[in-house]
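Enquirer:
Protein chains: 2
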Amino acid sequence: MPHRIVHMLRAARGGGRRPVMLAIAGDSAAGKTTLTRGLVRCLGADRMTAVCVDDYHRYDRAERAGKPFTALHPDCNHIEIMEQHLQLLSLGEPVLKPVYDHSTGRLVRPELVRPRDFVIVEGLLPLHTAMARACFDITVYLDPPEDLRHSWKIDRDCSRRGYTEQQVRAELTRREPESAAFVRPQRRWADIVVRFAPVPGRPGPLSAELLLRPTIDHPELAPVIAEAARHQRDTALHLRLHRDTDGRPVDALHVHGYVGSDESSIVKNALWDRLADRPGLSAEALGKVGDAGTSDPLAITQLLLLYHLLEARQTGEVRALA
Amino acid sequence: MPHRIVHMLRAARGGGRRPVMLAIAGDSAAGKTTLTRGLVRCLGADRMTAVCVDDYHRYDRAERAGKPFTALHPDCNHIEIMEQHLQLLSLGEPVLKPVYDHSTGRLVRPELVRPRDFVIVEGLLPLHTAMARACFDITVYLDPPEDLRHSWKIDRDCSRRGYTEQQVRAELTRREPESAAFVRPQRRWADIVVRFAPVPGRPGPLSAELLLRPTIDHPELAPVIAEAARHQRDTALHLRLHRDTDGRPVDALHVHGYVGSDESSIVKNALWDRLADRPGLSAEALGKVGDAGTSDPLAITQLLLLYHLLEARQTGEVRALA
Numbered sequence: 001m002p003h004r005i006v007h008m009l010r011a012a013r014g015g016g017r018r019p020v021m022l023a024i025a026g027d028s029a030a031g032k033t034t035l036t037r038g039l040v041r042c043l044g045a046d047r048m049t050a051v052c053v054d055d056y057h058r059y060d061r062a063e064r065a066g067k068p069f070t071a072l073h074p075d076c077n078h079i080e081i082m083e084q085h086l087q088l089l090s091l092g093e094p095v096l097k098p099v100y101d102h103s104t105g106r107l108v109r110p111e112l113v114r115p116r117d118f119v120i121v122e123g124l125l126p127l128h129t130a131m132a133r134a135c136f137d138i139t140v141y142l143d144p145p146e147d148l149r150h151s152w153k154i155d156r157d158c159s160r161r162g163y164t165e166q167q168v169r170a171e172l173t174r175r176e177p178e179s180a181a182f183v184r185p186q187r188r189w190a191d192i193v194v195r196f197a198p199v200p201g202r203p204g205p206l207s208a209e210l211l212l213r214p215t216i217d218h219p220e221l222a223p224v225i226a227e228a229a230r231h232q233r234d235t236a237l238h239l240r241l242h243r244d245t246d247g248r249p250v251d252a253l254h255v256h257g258y259v260g261s262d263e264s265s266i267v268k269n270a271l272w273d274r275l276a277d278r279p280g281l282s283a284e285a286l287g288k289v290g291d292a293g294t295s296d297p298l299a300i301t302q303l304l305l306l307y308h309l310l311e312a313r314q315t316g317e318v319r320a321l322a
Numbered sequence: 323m324p325h326r327i328v329h330m331l332r333a334a335r336g337g338g339r340r341p342v343m344l345a346i347a348g349d350s351a352a353g354k355t356t357l358t359r360g361l362v363r364c365l366g367a368d369r370m371t372a373v374c375v376d377d378y379h380r381y382d383r384a385e386r387a388g389k390p391f392t393a394l395h396p397d398c399n400h401i402e403i404m405e406q407h408l409q410l411l412s413l414g415e416p417v418l419k420p421v422y423d424h425s426t427g428r429l430v431r432p433e434l435v436r437p438r439d440f441v442i443v444e445g446l447l448p449l450h451t452a453m454a455r456a457c458f459d460i461t462v463y464l465d466p467p468e469d470l471r472h473s474w475k476i477d478r479d480c481s482r483r484g485y486t487e488q489q490v491r492a493e494l495t496r497r498e499p500e501s502a503a504f505v506r507p508q509r510r511w512a513d514i515v516v517r518f519a520p521v522p523g524r525p526g527p528l529s530a531e532l533l534l535r536p537t538i539d540h541p542e543l544a545p546v547i548a549e550a551a552r553h554q555r556d557t558a559l560h561l562r563l564h565r566d567t568d569g570r571p572v573d574a575l576h577v578h579g580y581v582g583s584d585e586s587s588i589v590k591n592a593l594w595d596r597l598a599d600r601p602g603l604s605a606e607a608l609g610k611v612g613d614a615g616t617s618d619p620l621a622i623t624q625l626l627l628l629y630h631l632l633e634a635r636q637t638g639e640v641r642a643l644a
């Protein structure tokens with residue numbers, strides 16, 4: 001099982017010398033870039049490398065037009081090269097990463113990527129194979145309700161990629177079988193499943209539900225929740241034991257978007273105080289949505305991921321062999 | 323010493339599963355492509371992968387114009403990525419190789435290269451580092467007299483790359499310090515140094531001098547030479563013990579271009595009979611120069627390299643740790 005060799009090599013390198021690897025998987029327009037951007041800005045670009053594995057397209061847009069699958073299909077991507085590059089990055093080695101230009105739909109000159117202390121890998125299929133999964137310390141799957149994701153994709157592709165709403169809807173329909181077959185199954189491999197969604201009957205900003213699987217050690221959240229509860233009735237945070245759709249037990253952390261910013265701040269500050277290596281971090285970068293908006297549930301999600309990144313960096317621990 | 327790890331990994335893979343790796347190093351227009359092309363055609367493209375490491379340029383032509391070095395300088399190339407890709411190919415893994423378009427001087431879409439049974443790696447700097455050298459079973463350096471190489475480069479660059487003779491001569495002058503510093507020192511790492519040159523006072527086709535270093539086991543040539551000598555006075559082949567410019571002992575094999583094709587054929591047939599795995603080979607592909615010319619010394623050089631490729635494939639032996 002070659003992926004075990006990667007686990008062992010990474011463990012042998014020790015915590016101080018190998019990068020901490022975070023995967024953020026999810027379908028098109030699920031919010032990967034928004035989540036990633038705040039983490040990069042908070043930790044600083046000099047400590048953080050962000051890689052999008054959608055650059056590993058095997059075909060450009062013109063070539064894909066004649067193929068029986070969409071860009072979501074593993075056969076449409078250099079999966080074995082993606083695996084190889086993830087292994088190299090996870091061992092601290094640089095790679096010459098391919099580059100797909102979304103504005104022209106063409107594959108262009110590759111770029112040198114040298115892993116810094118932290119590497120975020122986001123994209124459609126970063127958790128598709130056991131070898132790829134073996135390269136990560138922390139794995140996240142973004143799982144918004146499909147109707148919300150569709151509206152996000154229509155907004156983005158119409159405003160920034162020059163498509164009409166009708167074209168985007170047709171593409172979503174065309175992609176649906178491959179989303180179901182290849183993208184969504186990655187949810188089961190995530191340490192944290194993040195779902196931004198409105199809460200029925202509660203208007204206002206989106207809330208977040210975070211499924212925290214016992215595959216990694218999460219921070220002790222009970223004291224945070226207790227602290228928040230001392231200050232108000234309607235707390236920003238709830239933690240509930242939950243049985244996942246596959247029957248496995250998980251903690252479900254509810255981060256409410258409808259509470260006031262004062263209440264959210266108590267939770268944010270408490271999580272901030274638990275970060276292993278705060279000096280040099282930029283708290284203002286967290287929770288930014290688009291050019292102007294902010295979201296406390298997003299900020300709290302990012303703080304939880306920062307906690308895991310900094311813990312992994314400090315302890316140098318590799319996740320349990322799985 | 324990481325290059326020892328590559329030696330060990332390659333040895334552990336065994337002969338049947340890892341590709342046989344041949345390096346052909348040499349300066350611009352030294353004859354690398356001519357030598358390579360005949361080997362690829364003889365073995366067949368389905369068994370042979372050819373890679374040019376000059377594709378690992380860090381800068382395109384426009385960017386190089388502002389740099390204090392030429393394309394020959396290691397700093398002008400992704401040497402660490404070249405090393406990484408050579409390691410991967412030598413272990414049988416595919417790579418996504420960068421591509422430099424000589425006609426436009428631009429870096430373009432990379433291409434997937436999957437190593438077949440034999441991998442020929444040619445270019446300016448394939449033997450520049452210990453790590454790169456560790457990846458090869460057989461190493462060749464092409465060492466024509468500089469005046470001959472200059473005339474080859476002028477012919478090629480004027481007829482096929484759109485330069486004037488004056489431009490090519492200026493570029494040769496500009497490159498000379500880096501040729502001396504980085505390209506020519508690779509000669510000492512070659513198992514075989516090939517020098518195509520005219521013999522003074524002997525008109526006609528070029529002869530070849532092949533320095534055969536005892537770093538690999540060469541075929542027994544004495545019987546071949548004896549067989550040729552039985553048939554004529556002016557044999558196509560001479561083998562002489564020789565002290566190299568650095569004082570190290572080598573065998574110098576002289577392959578004369580001025581003897582008739584009948585005599586050369588005796589040598590070619592004798593070498594052909596010694597090949598480990600002849601079925602499927604195409605002998606007609608050997609010795610081709612340009613579109614129409616042929617050279618028996620070139621054919622004999624290619625046969626010697628074929629001998630080493632097929633022996634390495636059959637025995638699975640990795641060269642001595644050096």
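Chains A and B, in that order, give the protein sequences.
When you line the first sequence up against our numbering, it's residues 1 to 322, in that order.
When you line the second sequence up against our numbering, it's residues 323 to 644, in that order.
Each residue gets a CB set at the ideal place from its N, CA and C atoms; glycine is no exception.
Being a predicted model, the structure only gives us computed values, none of them experimental.
Excluding five sequence neighbours on each side, which residues of the same chain lie with their C-beta closer than 6 Å to the C-beta of valine 40/A?
Expert: The residues are Met48 and Ala50.
Enquirer: Closer than 9 Å, Cβ to Cβ, to anything on chain C: give me those residues from the stretch 611-643 of chain B, in chain order.
Expert: Reference to chain C is not applicable here, since the protein chains of this structure are A and B.
Enquirer: List the residues of chain A that leucine 410/B touches, going by C-beta distances under 8 Å, in chain order.
Expert: Gln84
Enquirer: Quick one: what does DSSP say leucine 628/B is sitting in, helix, strand or coil?
Expert: helix
Enquirer: Measuring straight from C-alpha to C-alpha, what distance separates alanine 551/B and arginine 438/B?
Expert: Near 39 Å, if we compare the C-alpha coordinates of arginine 438/B and alanine 551/B.
Enquirer: List, in chain order, every chain A residue whose beta-carbon is nearer than 7 Å to that of arginine 596/B.
Expert: Per Cβ cutoff of 7 Å: no residues; arginine 596/B is ~38 Å from chain A at best.
Enquirer: Which residues bound the alpha helix (DSSP H) around histidine 379/B?
Expert: Histidine 379/B -> no alpha helix (DSSP H), and no H or E assigned at all.
Enquirer: Report yes or no: is there a C-beta of chain A within less than 7 Å of the C-beta of proline 390/B?
Expert: By the rule that beta-carbons nearer than 7 Å mark a contact, proline 390/B does not touch chain A.
Enquirer: Could you tell me the distance, in whole angstroms, from the CA atom of serine 265/A to the CA atom of alanine 283/A?
Expert: 12 Å
Enquirer: Work out the CA separation of valine 250/A and aspartate 244/A for me, nearest whole Å.
Expert: 6 Å
Enquirer: Determine, for isoleucine 403/B, whether the minimum Cβ-Cβ distance to residues of chain A falls below 7 Å.
Expert: yes
Enquirer: Excluding sequence positions up to five away, which residues of its chain have a Cβ less than 8 Å from the Cβ of arginine 431/B?
Expert: Contacts found: Val421.
Enquirer: Mind checking whether valine 194/A and threonine 301/A have CB atoms under 7 Å apart?
Expert: Taking C-beta atoms as the reference points, valine 194/A and threonine 301/A count as a pair closer than 7 Å.
Enquirer: Quick one: grab the DSSP three-state call for threonine 392/B.
Expert: coil
Enquirer: Cutting at 6 Å between CB atoms, please list the residues of its own chain near tyrosine 580/B, excluding the five before and the five after it.
Expert: Arg524 and Gly526
Enquirer: With DSSP run on the structure shown, which of helix, strand or coil describes phenylalanine 196/A?
Expert: strand
Enquirer: So, does the CB of arginine 41/A fall closer than 7 Å to a CB anywhere in chain B?
Expert: no
Enquirer: How is histidine 78/A classed by DSSP in three states: helix, strand or coil?
Expert: coil
Enquirer: In chain order, what residues of the same chain have a beta carbon less than 8 Å from the beta carbon of glycine 38/A, not counting five sequence neighbours either side?
Expert: Ala285, Leu286, Gly287, Lys288, Leu298, Ala299 and Gln302
Enquirer: Please confirm whether leucine 534/B and leucine 597/B have their CB atoms less than 7 Å apart.
Expert: no
Enquirer: So histidine 630/B and isoleucine 538/B are in contact, right, with Cβ under 8 Å, and what is the actual spacing, rounded?
Expert: 7 Å
Enquirer: Using DSSP with H/G/I as helix, E/B as strand and the rest coil, what is leucine 253/A?
Expert: strand
Enquirer: I need the straight-line Cα distance from histidine 231/A to histidine 238/A, nearest angstrom please.
Expert: 14 Å
Enquirer: Of all the alpha helix (DSSP H) runs that stay within the bounds of the stretch 256-307 of chain A, which reach a length of 4 or more residues?
Expert: 261-274
Enquirer: With a CB to CB cut of under 6 Å and the five nearest residues on each side skipped, what residues in its chain are close to phenylalanine 136/A?
Expert: Met21 and Ala23
Enquirer: So, helix, strand or coil for histidine 85/A, using DSSP?
Expert: Per DSSP, reduced to three states, the secondary structure at histidine 85/A is helical.
Enquirer: Going along chain B in order, which residues have a C-beta closer than 9 Å to the C-beta of proline 94/A?
Expert: His400, Glu402, Ile403 and Gln406
Enquirer: For the stretch 411-420 of chain B against the stretch 78-97 of chain A, do three or more pairs of beta-carbon atoms, one drawn from each stretch, fall closer than 8 Å, so that the two count as touching?
Expert: yes
Enquirer: Helix, strand or coil: how does DSSP classify leucine 124/A here?
Expert: coil
Enquirer: Since threonine 49/A sits in a beta bridge, which residues does DSSP pair it with?
Expert: Val119/A
Enquirer: When the Cα of threonine 34/A is compared with those of Leu142/A, Ala65/A and Asp60/A, which residue comes out closest?
Expert: Leu142/A
Enquirer: Give a yes or no on contact between the stretch 178-196 of chain A and the stretch 52-64 of chain A, applying the rule of three or more CB pairs nearer than 8 Å.
Expert: no
Enquirer: Quick one: Cα of histidine 672/B to Cα of arginine 106/A, how far?
Expert: Chain B is shown only over 323 to 644; residue 672/B falls outside these bounds and no answer can be derived.
Enquirer: Which residue comes first and which comes last in the beta strand (DSSP E) that contains histidine 218/A?
Expert: Neither: histidine 218/A is in no beta strand (DSSP E) and is coded neither H nor E.
Enquirer: Any beta-carbon of chain B closer than 7 Å to the one on leucine 107/A?
Expert: yes
Enquirer: List the residues of chain A that proline 420/B touches, going by C-beta distances under 7 Å, in chain order.
Expert: Close to proline 420/B, with beta-carbon spacing below 7 Å, are these residues of chain A in chain order: Leu96 and Pro110.
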